[in-house]
Amino acid sequence: MSWQGIEGHDRVVEMFSRAFSRGRLEGSFLFTGPEGIGKRSFAFRLAKTILCLSPDGFAPCGKCESCRLFEMKFKPVSEEVVRSEKPLPAKTRRAVPVSGEPDEPSDPLAFDIPNHPDFYYVAKPADRAQIPIELLAGPKENRGRSGLCYNIFRTPYLGGRKVAVIDDADFLNEEGANSLLKTLEEPPRGAVIILIGTSPAKQLPTIRSRCQSVRFLPLSPRDLTAVLVSRGIAADFDEGMRLARYADGSCKNALEYNDPSLELFRPELYKQLAQPRVDAVAFSKRVIEFVEEKKKEKEKAREGEIKRRRLAIVLTRAARFYRDLTRVLSGETSLLAGNIESGADLRAAARNRPDPDRAIRNAERTVEALEQIDRMGNLTYIIEAWLSDL
Ligand SMILES: [Zn+2]
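In my numbering, the protein residues as written are 40 to 429.
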């Protein structure tokens, strides 16, 4: 089933549909699930439906003033606003009109922030480690008189309802979370606040206890294929299924899998991991090269984020390699019978490093390195320390 172009997540659609038809859809929600499975898209469609002035069942009419405003395109300019010394504008939504500039077709995961006076969107700026409290509670000299928590209590412009989406909720710090607690506990009547994170474990207990938890599961290969084709990431069904195979139900993973530079680097990575000893010094250099591969001009501003993402790809692949190796070493040879991309290297690794405990330790060490990226460590250090521990 697909709801407003959202594939999969039928259970979640059903739950919200029921609450909506009973007029009981309000309060604070925590959406969790892996990245790239459609949580944000769902939150935006839900917001449009809630704000619509004459919804058609559990769907927006697409014609009213509210629907029209919701579809107006904006793009984020978070960095400038956050860095500026001046007080933030009254609206929390950090966006400027696109003004005729073409969308960037090169990034199928790019999205527009809806331009609606009763909709607020906050996310972690690309160059920050956390969500700045200014976005939630206003700047220091104006604390409590601007920011999302202030705006959500202002009188709605249109239909009487308000929706706020707090993206990247994994990156709320204690101060930011504290500024939200009262609002999450008692949002204004008819308002809906949605936090989007990857796992409940990454949220502070004070946040978790104040939100209704909504879990999104990875997409099935078939649903993911539909998304990949509709977004132009895959040319057709067959290519979609091929990409979906290693993507763990995530559009983001599928896209990364499709990256030509990764296609070239991946065999090198597996080959190295299969050696009796990883050549830490030489291979660190190669990983750093891959992570720092030169960026297109327009990607310069997001350079740090892109590097972290590329390292995450390497580590995710490596973690999976060790996980598969552990299974092979514990006798699960059926894994090798399937035509998996790392098959030959897994066989070599099983010969060269036949110790399952070591494979488990290496998988854990790789996941640890993956977590260090989130904490914004020095990437070169993370890579060198990781490889020398393998
Ligand atoms: Zn409408």
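Idealized CB from N, CA, C, for every residue including glycine. Since we're looking at a predicted model, the values are computed, not measured.
Cβ neighbour criterion (16 or more within 10 Å) applied to residue i
i	result
residue 401	buried
residue 173	buried
residue 159	buried
residue 105	buried
residue 328	exposed
residue 417	exposed
residue 292	buried
residue 373	exposed
residue 363	buried
residue 88	buried
residue 183	exposed
residue 102	exposed
residue 187	buried
residue 192	exposed
residue 144	Confidence is the limiting factor: at residue 144 the pLDDT is only 42, short of 50, which leaves the residue's position unreliable and the question unanswerable from this model.
Residue i Cβ short of 7 Å to ligand 1 heavy atom set
i	result
residue 201	no
residue 290	no
residue 101	yes
residue 92	yes
residue 106	yes
Alpha-carbon to alpha-carbon, residue j and residue i
i	j	result
residue 108	residue 153	8 Å
residue 284	residue 345	24 Å
residue 266	residue 46	7 Å
residue 318	residue 409	20 Å
residue 324	residue 349	14 Å
residue 347	residue 60	43 Å
residue 412	residue 429	18 Å
residue 202	residue 264	30 Å
residue 343	residue 163	14 Å
Identified DSSP bridge partners for residue i
i	result
residue 81	In the DSSP output, where bridge partners are listed per residue, residue 81 has none listed.
residue 59	DSSP output for residue 59 lists no bridge partner at all.
residue 71	236 and 254
residue 66	231
residue 46	41
**OP:** Tell me the start and end of each unbroken alpha helix (DSSP H) in the region 345 to 418 that is at least 4 residues and wholly inside, in chain order.
**Re:** 373 to 376, 382 to 391 and 395 to 413
Original post:
Taking only runs of the alpha helix (DSSP H) that begin and end inside the region 250 to 283, which ones reach a length of at least 4 residues, in chain order?
Top reply: 260 to 269 and 276 to 283
Original post:
What are the complete alpha helix (DSSP H) segments, minimum 4 residues, inside the region 198 to 252?
Top reply: Counting only runs of 4 or more, we get 213 to 224 and 244 to 247.
Original post:
Which ranges would you report for the beta strand (DSSP E) in the region 277 to 322 if only whole runs of at least 3 residues count?
Top reply: none
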